[in-house]
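Peer 1: If you scroll down you'll find the structure; I have some questions about it.
Residue numbers (our numbering): 968 to 1021.
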């Protein structure tokens, strides 16, 4: 149950962040962990933006 929640959070964050920060022609692999459930939503978004940003 916890793993599924983490995966849902990551999927939702990707839908928000990837159009702004993703690069065309690239494939991305994002691994959700149970820790994903313990941090705030803004932290998830900021971490993903930082990972994809230049």
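Every residue gets a Cβ at the ideal spot worked out from N, C-alpha and C, and that includes glycine.
For residue 1003, is the classification buried or exposed, using 16 other Cβ atoms within 10 angstroms of its Cβ as the cut-off for buried?
Peer 2: Buried.
Peer 1: Near residue 970, which residues of its chain fall below 7 Å by C-beta distance, leaving aside the five closest residues on each side in sequence?
Peer 2: 1001.
Peer 1: Only counting the same chain, and skipping five residues up and downstream in sequence, which positions put a Cβ closer than 8 Å to that of residue 985?
Peer 2: Cβ within range, chain order: 995 and 1019.
Peer 1: Considering only residues of the same chain and omitting the five flanking positions on each side of residue 998, which have a CB-CB separation below 7 Å?
Peer 2: Correct list: empty, nothing qualifies.
Peer 1: Identify which residue in 977, 989 and 972 has its Cα closest to the Cα of residue 1009.
Peer 2: Residue 977 is the option with its Cα nearest to residue 1009.
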